[in-house]
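K.L.:
As given, the protein sequences belong to chains C and U, one line each in that order. Counting in the working numbering, the first sequence runs without a single skipped number right up to 415 at its last residue. Counting in the working numbering, the second sequence runs without a single skipped number right up to 1151 at its last residue. All C-beta atoms in this analysis are idealised placements derived from N, C-alpha and C, irrespective of residue type, glycine included. All of these numbers come straight from a predicted model, not from anything done at the bench.
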Amino acid sequence: MNAPARIRTTAAVELLAIREQFPTLAQTVHGKPLVYLDNAATSQKPWCVINAIAAYYEHDNSNVHRGVHALSQRATAACETVRDKVRDFVNAAESAEILFTSGATEAINLVASSYGAHAVGSGDEIIISTLEHHSNIVPWQLLCERSGAVLRVIPISDAGDLDLDAYRDLLTERTRLVAVGHVSNALGTVNPIREIIDLAHNNGIPVLIDGAQAIPHMPVDVQALDCDFYTFSGHKMYGPTGVGVLYGKRRLLDAMPPYQGGGDMISSVRFEGTTYNELPYKFEAGTPNIAGIVGLGTAVDFVQAHLPKLVPLEATLMEYAESALSAIDDVTIVGAPQRRVGALSFLIGNVHPHDIGTVVDLQGIAIRVGHHCAQPLMERLGLVSTARASFGIYNTTADIDRLAAAIPEVMRIFG
Amino acid sequence: MFDLTELYQEVILDHNKSPRNFGPMTPPPTHQAEGYNPLCGDRFTVYVRLNGEVIEEIRFEGHGCAISKASASMMTEALQGMDREQAGSLFAEIHDMLTGKRQLDALDTDKLDKLVVLSGVCEFPVRVKCATLAWHAVHNALKAQGPATTE
Chain C
1 MNAPARIRTT AAVELLAIRE QFPTLAQTVH GKPLVYLDNA ATSQKPWCVI NAIAAYYEHD
61 NSNVHRGVHA LSQRATAACE TVRDKVRDFV NAAESAEILF TSGATEAINL VASSYGAHAV
121 GSGDEIIIST LEHHSNIVPW QLLCERSGAV LRVIPISDAG DLDLDAYRDL LTERTRLVAV
181 GHVSNALGTV NPIREIIDLA HNNGIPVLID GAQAIPHMPV DVQALDCDFY TFSGHKMYGP
241 TGVGVLYGKR RLLDAMPPYQ GGGDMISSVR FEGTTYNELP YKFEAGTPNI AGIVGLGTAV
301 DFVQAHLPKL VPLEATLMEY AESALSAIDD VTIVGAPQRR VGALSFLIGN VHPHDIGTVV
361 DLQGIAIRVG HHCAQPLMER LGLVSTARAS FGIYNTTADI DRLAAAIPEV MRIFG
Chain U
1001 MFDLTELYQE VILDHNKSPR NFGPMTPPPT HQAEGYNPLC GDRFTVYVRL NGEVIEEIRF
1061 EGHGCAISKA SASMMTEALQ GMDREQAGSL FAEIHDMLTG KRQLDALDTD KLDKLVVLSG
1121 VCEFPVRVKC ATLAWHAVHN ALKAQGPATT E
């Protein structure tokens, strides 16, 4: 056996071992073994994450930051350990720059609300892009309504790449923030965020990166990127739902007012006035999703352990998917970005994606159909919806083969 | 076990490919309403021209999946010539059939007639809204309400 073949075999064995760690995958749907290709919506959870959450509730359940008893101290320590883990995971300068939220959506809303109140006024401008998920559009629209600021949108090419020349022209002395996704949830476009950040910084403008679709697929170093805010969700990176992270530079977070009021975020409360707690607690009002944070910590361990091998495997899988689907006559792949990760949108003839979704579901294949919460992008592409296959650590070329094999059935019915 | 041929019956596929009474209405309608499903972006406008209480003409246009388009197309054929009260009573039957509230044996299948082919939809909960979209729109049009949404 030659060396490359052996490497491939080893990788295949390891992949199988990874797959076995996900109990949801070991089931049949409509009588067929499940093929799960909806990872951009949410990933499945490995046993280690499920067990960590169960173990927390079984042994340590308590409230954080206020009990002197043993369980409370354990729960507090568990949360703070995860904060340190996440700091290491995204290479933040300090753990106080890692804020726990309910997800990427809340993280973006926190910045829109708090940074917005602090730094955005009438006539100011916020830049987003055509590729954004609704969660990185609507919070800024709400901010614009409140403040009288104006939303500017970076256009895209037909291939689905951001138009950086147009972006340069959008940066003005009125721009207060640039908020763009790291990876498009609908097309999989990997945006050149380093360049986007540098161009903004040349004009003294901070940048928020919505990393929800990037964090499960690639290493992220917030200091190397020099982004000012970075947001992501736990549930798209094999962790639980209801927990996410906002990374923010201390300089910006210190200057921002609290987002919500409540317990934990205060240092002292008197009816005459309240002094706020220090970072990160200033932005964490109320009892957090402690079990979720614990699960997130285990998911971080899981991703960190597998990421080096995952990146080339997923690149190979994406290449395989692109060529397998585009080889089918009736299939059109939506967009052709310079670099694509995680998600692949496609159309089959004139068949409505909703009908595609139902037909392949009955083959045991889970894909997403619809506008992917990116209606402005769909409008730009002249579409109402697409079918989307999105990949995770456990997906194999056999999964792609199953999807490709289901497409003739779609054409048989609707062709 | 779900059977695709229960959902996508030949009649449905035919109405999807060649929708009847599809396109704008001239002379203009007396009533119209839009049906929109924010889940998938499906959007139809239903036009009705009433002569007294009778539906003299009914048409629709817009875009949607096979189920929503076929249901809309079959609806226009069924409602043509009915009066408002008959249309309301058919709406109640079809609504109960599509949502699975009543089984076929508890429904007035004579009244439903050809629309019975849509009964497989109730086995696919996420597709029920597709099938009811145009019906909600016409229901609103006849009650002269605003746009219909199935959310």
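Would you mind listing the alpha helix (DSSP H) stretches within the region 1062 to 1149 of chain U that are 4+ residues and don't spill past its ends, in chain order?
P.N.:
Those alpha helix (DSSP H) runs which fall completely within the region 1062 to 1149 of chain U and span 4+ residues are 1066 to 1079, 1084 to 1099, 1109 to 1112 and 1128 to 1142.
K.L.:
What does U:His1063 reach in chain C if we use C-beta pairs closer than 9 Å?
P.N.:
For the purposes of this step, residue 1063 of chain U is taken as the residue at position 63 of the second sequence. What U:His1063 touches in chain C: His352 and Val384.
K.L.:
Taking the alpha-carbon positions, what's the C:Ile365 to C:Ala40 distance?
P.N.:
Here residue 365 of chain C corresponds to residue number 365 of the first sequence, with the count starting at 1. Here residue 40 of chain C corresponds to residue number 40 of the first sequence, with the count starting at 1. C-alpha separation (whole angstroms): 15 Å.
K.L.:
Can the beta-carbon of U:Gly1062 be found closer than 7 Å to that of U:Ala1137?
P.N.:
Your numbering for residue 1062 of chain U matches position 62 in the second sequence. Your numbering for residue 1137 of chain U matches position 137 in the second sequence. No. Outside cutoff.
K.L.:
Thinking C-alpha only, which one of C:Gly297, C:Ala96, C:Gln44 and C:Thr105 is nearest C:Phe89?
P.N.:
Sequence index remark: in the first sequence, residue 89 of chain C carries index 89 (1-based). Of the listed residues, the one whose Cα sits closest to C:Phe89 is C:Gly297.
K.L.:
Look at the Cβ atom of C:Met265, then the Cβ atom of C:Tyr281, and state whether they are nearer than 7 Å.
P.N.:
As a working note, residue 265 of chain C is residue 265 in the first sequence. As a working note, residue 281 of chain C is residue 281 in the first sequence. For C:Met265 and C:Tyr281, yes; Cβs fall inside 7 Å.
K.L.:
If you drop the 5 nearest sequence neighbours on each side, which residues of the same chain put their C-beta closer than 7 Å to that of C:Val311?
P.N.:
Counted from its first residue, the first sequence places residue 311 of chain C at position 311. Cβ neighbours of C:Val311 beyond the five flanking positions: Met218.
K.L.:
Hey, how far is the Cα of C:Cys144 from the Cα of C:Val120?
P.N.:
On the first sequence, residue 144 of chain C is found 144 positions in, with the first residue counted as 1. On the first sequence, residue 120 of chain C is found 120 positions in, with the first residue counted as 1. Taking the straight line joining both Cα atoms gives about 9 Å.
K.L.:
Answer yes or no: do C:His30 and C:Leu325 have a C-beta to C-beta separation smaller than 7 Å?
P.N.:
Taking the first residue of the first sequence as 1, we reach residue 30 of chain C at position 30. Taking the first residue of the first sequence as 1, we reach residue 325 of chain C at position 325. It is not a contact, given that the beta carbons lie outside the stated cut-off.
K.L.:
Take the Cβ of C:His69 as the centre, count every other Cβ of all protein chains shown within 10 Å, and call the residue buried at 16 or more, exposed below.
P.N.:
For this step, residue 69 of chain C is matched to residue 69 along the first sequence. Per the 10 Å Cβ criterion, exposed.
K.L.:
If distances are taken between C-alpha atoms only, which option among C:Ala96, C:Thr42 and C:Arg380 comes closest to C:Gly242?
P.N.:
Counted from its first residue, the first sequence places residue 242 of chain C at position 242. Closest by alpha carbon: C:Thr42.
K.L.:
Answer yes or no: does any C-beta atom of chain U fall closer than 7 Å to that of C:Asn2?
P.N.:
In the first sequence, counting from the first residue as 1, residue 2 of chain C sits at position 2. Note that C:Asn2 scores 45 on pLDDT, short of 50, meaning its location in the model is unreliable and no value can be drawn from it.
K.L.:
For the region 1041 to 1051 of chain U against the region 1063 to 1072 of chain U, are there 3 or more C-beta pairs whose distance is under 8 Å?
P.N.:
yes
K.L.:
What residue range is occupied by the uninterrupted beta strand (DSSP E) comprising U:Gln1032?
P.N.:
Here the question's residue 1032 of chain U lines up with position 32 in the second sequence. Unbroken beta strand (DSSP E) run through U:Gln1032: His1031 to Asn1037.
K.L.:
Go to C:Val150, then tell me how far its beta strand (DSSP E) extends in each direction, as first and last residue.
P.N.:
Position 150 of the first sequence, counted from the start, is the residue given in the question as residue 150 of chain C. Val150 to Ile154 is the span of the beta strand (DSSP E), which, as asked, contains C:Val150.
K.L.:
State the Cα-Cα distance for the pair C:Glu284 and C:Val82, rounded to the nearest angstrom.
P.N.:
As a position in the first sequence, residue 284 of chain C is number 284, starting the count at 1. As a position in the first sequence, residue 82 of chain C is number 82, starting the count at 1. Computed Cα separation, rounded: 15 Å.
K.L.:
Inspect the beta-carbon positions of U:Ala1152 and U:Asn1140 and report whether they are closer than 7 Å.
P.N.:
Shown here, chain U extends from 1001 to 1151; a query on residue 1152 of chain U therefore has no answer.
K.L.:
Any beta-carbon of chain U closer than 7 Å to the one on C:Leu296?
P.N.:
Along the first sequence, read from residue 1 onward, the residue named residue 296 of chain C stands at position 296. Closer than 7 Å: no.
K.L.:
Roughly how many angstroms lie between the CA atoms of U:Leu1133 and C:Val222, to the nearest whole one?
P.N.:
Taking the second sequence and counting its residues from 1, one reaches residue 1133 of chain U at position 133. Taking the first sequence and counting its residues from 1, one reaches residue 222 of chain C at position 222. Taking the straight line from one Cα to the other gives about 46 Å.
K.L.:
Spatial neighbours of C:Ser233 within its chain, please: C-beta separation below 6 Å, excluding the five flanking residues on both sides.
P.N.:
Here residue 233 of chain C refers to the residue found at position 233 when the first sequence is read from its first residue. Excluding residues within five positions, the ones whose Cβ falls inside 6 Å are Gly103, Ala104, Ala212 and Gly244.
K.L.:
Please report whether the beta-carbon of U:Cys1040 lies at a distance below 7 Å from any beta-carbon of chain C.
P.N.:
Here residue 1040 of chain U is taken as the residue at index 40 of the second sequence, counted from 1. Cβ-Cβ to chain C under 7 Å: yes for U:Cys1040.
K.L.:
May I ask you to list the residues that DSSP assigns as paired with C:Ser129?
P.N.:
Taking the first residue of the first sequence as 1, we reach residue 129 of chain C at position 129. Paired residue(s): C:Ile154.
K.L.:
Taking Cβ positions only, does C:Leu362 come closer than 7 Å to chain U?
P.N.:
Taking the first sequence and counting its residues from 1, one reaches residue 362 of chain C at position 362. Answer yes: the Cβ-Cβ gap between C:Leu362 and chain U drops below 7 Å somewhere.
K.L.:
Classify U:Lys1143 as buried or exposed, calling it buried when 16 or more other Cβ atoms lie within 10 Å of its own Cβ.
P.N.:
Position 143 of the second sequence, counted from the first residue, corresponds to residue 1143 of chain U. It is exposed - the Cβ of U:Lys1143 has fewer than 16 other Cβ atoms within 10 Å.
K.L.:
Between the C-alpha atoms of C:Val111 and C:Gln338, what's the straight-line distance to the nearest angstrom?
P.N.:
Reading the first sequence from its first residue, position 111 is the one you call residue 111 of chain C. Reading the first sequence from its first residue, position 338 is the one you call residue 338 of chain C. In a straight line, the C-alpha of C:Val111 is about 30 Å away from that of C:Gln338.
K.L.:
On the CB-based measure, 16 or more other CB atoms within 10 Å of its CB, does C:Phe271 come out buried or exposed?
P.N.:
The residue you call residue 271 of chain C lines up with position 271 of the first sequence. With fewer than 16 other Cβ atoms within 10 Å, it is exposed.
K.L.:
For C:Asp330, decide whether its Cβ has a neighbour in chain U, counting only Cβ atoms nearer than 7 Å.
P.N.:
Indexing the first sequence from 1 puts residue 330 of chain C at position 330. Answer no: the Cβ-Cβ gap between C:Asp330 and chain U never drops below 7 Å.
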